[in-house]
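In this note's numbering, the protein residues as written are 393 to 452.
Beneath this line is the structure, given in structure tokens, with notes to follow.
What follows is the structure, given as structure tokens:
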């Protein structure tokens, strides 16, 4: 499996690898934010209303 990933990784351009890394980092930040919001549902509603234009909902 690791060999397959390494060989596939070599087929990508540097820009593509950077874009994938950025998407993965953003996904991790959003997952962390959802954990924080889930821990305090009353406060999270007000925060979500403030950030509604920039908020991304991930399926749970």
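For every residue, glycine included, the Cβ atom is placed at its ideal position computed from N, Cα and C.
From a predicted model like this one, the values you see are computed outputs, not experimental measurements.
When DSSP labels each residue in this structure, what does residue 422 get in the three-state scheme? If DSSP states are grouped into helix, strand and coil, residue 422 belongs with the helices.
Measure the C-alpha to C-alpha separation of residue 424 and residue 403 and round it to an integer number of angstroms. Answer to the nearest angstrom: the Cα atoms are 31 Å apart.
Note down the Cα distance separating residue 421 from residue 412, rounded to an integer number of angstroms. It is roughly 14 Å from the alpha-carbon of residue 421 to the alpha-carbon of residue 412.
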